Each structure stands twice: as structure tokens, then as C-alpha cells.
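>
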Amino acid sequence: MPYEALKPQTAKALLGPPNKHKLLPGLGMVSDDTEHLVIVLRAFRKANGNLDLFSKQLASALKLWTLALPLGVGKASLISGLKLLIGFSPERSGIFSAGNGPAMRVSVLGLLCDNKEKLKEFVKKATLISHTDPKAYRSALAVAHAANLAKEFTRVEPALFLKRFRELNDSYCKEFDLLLEKTIKSVELKQSTQDFAMNLGLIKGVSGYCYHTVPVCLHAWLSNQDNFSKGVTDAIKCGGDADTVASIVGSLIGINVGREGIPDNWRRGLFDYPLNETSLVIIANDNLSRSVVKELIIFPFRQSVLFILIISHLILRMMGTPIILIRKKLK
Ligand SMILES: [Mg+2]
Numbered sequence: 000m001p002y003e004a005l006k007p008q009t010a011k012a013l014l015g016p017p018n019k020h021k022l023l024p025g026l027g028m029v030s031d032d033t034e035h036l037v038i039v040l041r042a043f044r045k046a047n048g049n050l051d052l053f054s055k056q057l058a059s060a061l062k063l064w065t066l067a068l069p070l071g072v073g074k075a076s077l078i079s080g081l082k083l084l085i086g087f088s089p090e091r092s093g094i095f096s097a098g099n100g101p102a103m104r105v106s107v108l109g110l111l112c113d114n115k116e117k118l119k120e121f122v123k124k125a126t127l128i129s130h131t132d133p134k135a136y137r138s139a140l141a142v143a144h145a146a147n148l149a150k151e152f153t154r155v156e157p158a159l160f161l162k163r164f165r166e167l168n169d170s171y172c173k174e175f176d177l178l179l180e181k182t183i184k185s186v187e188l189k190q191s192t193q194d195f196a197m198n199l200g201l202i203k204g205v206s207g208y209c210y211h212t213v214p215v216c217l218h219a220w221l222s223n224q225d226n227f228s229k230g231v232t233d234a235i236k237c238g239g240d241a242d243t244v245a246s247i248v249g250s251l252i253g254i255n256v257g258r259e260g261i262p263d264n265w266r267r268g269l270f271d272y273p274l275n276e277t278s279l280v281i282i283a284n285d286n287l288s289r290s291v292v293k294e295l296i297i298f299p300f301r302q303s304v305l306f307i308l309i310i311s312h313l314i315l316r317m318m319g320t321p322i323i324l325i326r327k328k329l330k
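If you count by numbering that gives the first Met the number 0, then the sequence shown holds residues 0 to 330, one letter each, in order.
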């Protein structure tokens, strides 16, 4: 999260390499991406295969999430959350946007849903509730498909990813197909994810546009399927929407390497109650009993702590940037 919305060079100069938690020294919290993965996971389980029930569960969770004043939220997610709150149905709450919201929350669907036709329908529901641009669905489907393959194979061949995606995709678009082809070629040539992002023109970092984010995520995942820390740090080093890119990449590599493949200090440093390591394991094992106390007291408290930390980081950035400029001039 501390690296979000910074150019790659600025992030490097201000914060150094992204090798440990830096929200506080050695400690970190999760951002909206992980919150959404948890929301989708719980909605999917409660729906038990029923698409309409999934939509309803997702809508009620997103309403609560919007009320908790989420930070760093994308425009479409915020507007759709507000529309849901004032009574719009999940079919009419989305707005025309190709932001990252859907792509960041669907890997869990690819992991849990084995039926390919049903997977598409669930991804559509998880997308259209906030984003109606077909680009958002297509990109989200690519992420869900990647998760599905990561579950099936220890190592997914890049060419197989593309071949199977072409068979699955019910929303073909030449531009996206060419982007995926470019991604696969770059992985096969062993180009670094940072160089690949630069070649896509993302000099200032990966934007919040899904046609920028998803190819970079797939590149970092396909290049580092057995190395969680390298995949995630490569993603962060690309700059821009670092928390979202790293979250998608981490969720895909995590399917292969499991909890043990995540560096110890990264897991233990998560002091984010009720979304720390212990709580996330309980949620993953479906043993979470929802408590009104947690929803009404602890979560707003958690949001306040996060808000204070983010503001502190923004102030540090403002103080740090002139120092970097002076150093550059002196060189
Ligand atoms: Mg983000």
C-alpha cells in the first residue's frame, strides 16, 4: 500500500525495495483488493452455486463496505456502492468503466468454481455490479481463468494459458487478444516484468485501467509461478496501482505455493485485525462467524487507523519528494 500511485523511480528513491512491510516499520495492513477478495469468497460460499443469491450477497456486502468509507477506492466501485445504497439493483448499479475493480476480486472465483460455464456467469455478476464496460469483464475473466489453471497445474505454460483463454472467452476483442499475445511472447523471451510494463508505455507506473493492469499481472504471475516474493515485488516495482497489481499476482501465485510459500515476515507483519493472518485462515476455512461487535466497532476502528497511516504516508511523500529533487540536482 505505501507504494501505491508512485512512479517506479520515485517509489524506489522514497521507500527503497519492496521487500518487507513499510506501512509501519515491519508492519502492514491489507488494502481494498484483499477486502474485495474476502467479500467475493464469502458471497460465493453463501450462494452455494446460486447466481442470483451470489448477486444479492455481493450487493449487501458491498453496501456495508461502502458505508465503512473505503480508502483508495476506484470511482466505479464507489459510485456503484452508493447506487446500491440508495436502492439500485445489482443489475443496474454498475457504471461504464474499465477500472481494476472486477479483476482484483475474481481470482477466488477461478479457484473455487470448476464449471467453466458457471465461472463465466459468476465473473459477469461480480463485474457488472460495478463496471459495465466489456473490457472490465474480459480482463476479470482472464484473471479468474489464470486462477483456475493455477489450481489445475503446478506450472502453467504461457501458451496453454492463451489457448485455453481463447476457448473460454465469450467476449472476444482483438485489442485484448493482441495484448495477451504480447504478454505470452515476453514471458517466453524471459523479459522482466518491469521491462514489459515499460514496453507497454507504462513509464509512470501501471494505471488503474484493466488493459494495463491485467497483462502486467499475468506477466508477473507466469514468470514467477513458484516464487511468491519475487512475483509480488516485481509487480510492485512496476509502480502505479501497486497494491492492486501485487494483490492479483499474489493471489495467483499463492494458489500454487500455499501459505508456506509466503515469506514469514510478510505474514506475521500483517497487524490488520480482523484481516490478519489468523483471521484470514479462519475465513479461508469457512469458520468465520459474523459478529455485530466486529462489524460495528472493530471495523470502523480499523478504518480509522488505516486512514491515519495513509495520511501520514502522504505527508511523508510530500516531505520526501523535494529531498529527492535536491539530491538529483546535486548529482
Ligand atoms: Mg489499488
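No residue lacks a Cβ here, since even glycine has one placed at the ideal position from N, Cα and C.
Since we're looking at a predicted model, the values are computed, not measured.
DSSP puts residue 61 in a beta bridge; with which residues?
Answer is none; residue 61 lacks a bridge partner.
> Does the stretch 251-258 come within contact of the stretch 171-185, defined as at least 3 CB pairs closer than 8 Å?
Short answer: they don't touch.
> Residue 211 by DSSP, collapsed to three states: which one?
It is helical.
> Does any heavy atom of ligand 1 sit closer than 6 Å to the C-beta of residue 51?
Checking the Cβ of residue 51 against ligand 1 gives no.
> For a test of the three-state rule: what should DSSP assign to residue 274, helix, strand or coil?
The answer is coil: DSSP assigns residue 274 none of H, G, I, E or B.
> Taking contact to mean at least 3 C-beta pairs separated by less than 8 Å, is the stretch 206-220 in contact with the stretch 169-178?
The stretch 206-220 vs the stretch 169-178: in contact.
> Taking the alpha helix (DSSP H) that residue 251 falls in, what are its first and last residues?
Per DSSP, residue 251 belongs to the alpha helix (DSSP H) from 241-256.
> Check residue 308 in the structure and name its three-state DSSP category.
Here residue 308 sits in helix by DSSP.
> Per DSSP, what kind of secondary structure is residue 85 in: helix, strand or coil?
In the structure shown, residue 85 sits in coil (DSSP, three-state: anything other than H, G, I, E or B).
> Mind checking whether residue 308 and residue 146 have CB atoms under 7 Å apart?
In this structure, residue 146 does not lie closer than 7 Å to residue 308 by Cβ.
> Does DSSP classify residue 144 as helix, strand or coil?
Residue state, collapsed to three classes: helix.
> Rounded to whole angstroms, what is the Cα-Cα separation between residue 55 and residue 89?
The alpha-carbon atoms of residue 55 and residue 89 are separated by roughly 7 Å.
> Report the rounded CA-to-CA distance for residue 38 versus residue 75, giving the unit in angstroms.
Those two C-alpha atoms are separated by around 17 Å.
> At 4 residues or longer, what runs of the alpha helix (DSSP H) sit wholly inside the stretch 166-202?
The stretch 166-202 contains these whole alpha helix (DSSP H) runs: 173-187 and 192-198.
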